[in-house]
Amino acid sequence: MVKITVFTPTYNRAYIISNLYKSLQRQTVCDFEWLIVDDGSSDNTQELVNRWQKEENGFAIYYHWQENGGKCRAINKALEYANGELFFTVDSDDYLTDDAIEKIINWERDLPKGEKYCGVAGNLGTSPTETPNTIFPGNYYEGTLLDRYKNVDGERAIVFYTEIHRKFKYPEFPGEKFMTEAVVYNRIAAAGYKIRFYNDIIWIYKYIEDGLTKSGNTVFINNPRGFGLWLQERARFQKYSILKRTKMYYTFTCDLSSRYNCRLIAESIGAPVLWIRLMNIIHAGRRVFKNTREKNND
């Protein structure tokens with residue numbers, strides 16, 4: 001048993017994952033393991049990891065390869081292998097500050113005992129001293145992961161208790177390889193678990209061309225069931241009004257109507273098929289009106 005499992009899902013990132021490895025070598029505390037789930041890479045990732053496993057690092061490195069199935073499937077698999085009390089997912093194109101592990105251990109130690117916490121979270125930065133995220137008064141903000149929609153902006157370095165995360169694995173839909181991690185975050189918050197968000201930067205990131213963030217809305221549209229599940233659960237947990245929920249159905253229908261039929265859209269978002277058909281008719285009518293007006297203006 002180690003204190004922290006640092007988990008990294010990776011796919012063809014041999015050209016950059018060494019930055020993370022070097023940052024793990026620099027950690028001021030080595031009470032962690034590094035667990036890598038290779039999501040079907042065709043580059044030399046395994047060769048690199050095999051070499052690193054033979055080096056004297058002060059921490060164990062475990063590697064597992066699986067058929068390409070997306071990040072959330074990799075997380076589900078990693079939760080089966082993890083030995084750490086805490087589970088910290090770190091992307092393969094980013095790296096940690098030298099004291100990240102030490103800070104996480106200290107933060108977790110300071111949590112009030114006997115209360116319902118799912119873990120702690122550090123800040124992300126573009127450098128060890130610069131972040132686009134809000135700095136909270138004091139050292140931290142305490143709330144739930146649903147506060148990411150109102151009081152906690154930007155991406156955060158979230159560290160869960162492993163046993164809690166194991167209770168909240170990601171649903172897997174055949175043919176889909178992406179689901180926002182917010183699905184599990186929201187479920188954990190709705191179950192009553194608190195978390196502390198610290199101001200300290202422990203994770204350094206840079207958006208790269210082959211990253212998920214660069215994919216924009218396309219990755220959601222290509223995975224409609226996962227996309228719809230996130231939206232309908234968010235609406236339920238945040239108690240959307242009928243008007244706000246209707247607007248959500250309409251936007252979802254507009255995003256997906258060019259690729260999917262009304263029944264699949266309705267099943268994905270958890271709405272009556274008749275509602276989605278009505279939304280589709282309205283959307284089609286607005287497109288016709290817009291095209292007609294543009295032609296008349298020409």
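Per UniProt numbering, the sequence shown starts with residue 1, numbered consecutively.
Note that beta-carbon positions come from the ideal geometry of N, C-alpha and C, so glycine has one too.
Proximity below 9 Å, CB of residue i to CB of residue j
i    : j    : result
T8   : T97  : no
G192 : K103 : no
G226 : M179 : yes
R156 : A121 : yes
Y149 : G119 : no
M1   : N83  : yes
I16  : A100 : no
L86  : V159 : yes
N133 : D147 : no
Y21  : D91  : no
D255 : N217 : yes
I242 : I105 : no
Which of helix, strand or coil DSSP assigns to residue i
i           : result
A121        : strand
residue 307 : For residue 307 there is no data in the structure shown, the boundaries of the chain being 1 and 298.
E163        : helix
N186        : helix
N199        : strand
V273        : helix
A191        : coil
G226        : helix
I156        : Correcting the residue type first, residue 156 is Arg in the shown sequence and not Ile. Correct three-state label for R156: strand.
K3          : strand
G143        : strand
I242        : helix
I135        : coil
E115        : coil
E181        : coil
E130        : strand
Cutoff 6 Å; reference residue i; Cβ partners in own chain excluding five residues on either side
i           : result
Y240        : none
K71         : P9
residue 337 : Beyond the ends of the chain as shown, which are 1 and 298, falls residue 337; an answer cannot be given.
Q232        : I269 and G270
A266        : V273 and I276
N44         : A14
Proximal residues to residue i (C-beta, below 8 Å), its chain only, five neighbours per side dropped
i    : result
I282 : Y250
Residues near residue i by beta carbon distance below 7 Å, same chain, minus five either side
i    : result
L145 : Y185, N186, I188, A189 and I195
F220 : F227
I182 : The residue you asked about is not Ile; residue 182 is Ala in the sequence shown. W230, listed in sequence order.
R26  : D98
R245 : A235
N19  : Y95
Note down, one range per segment and in chain order, each beta strand (DSSP E) of at least 3 residues found wholly within the UniProt domain "Glycosyltransferase 2-like" (5-112).
32-38, 60-65 and 84-89
Segment contact, 8 Å Cβ cut-off, at least three pairs: the region 40-56 with the region 124-138:
no
The region 193-202 touching the region 129-149, judged by at least three CB pairs closer than 8 Å:
yes
Assess contact between the region 169-183 and the region 58-65, defined as three or more Cβ pairs (one per stretch) separated by less than 8 Å. Is contact present?
no
With a cut-off of 8 Å, do at least 3 Cβ pairs link the region 35-43 to the region 66-79?
yes
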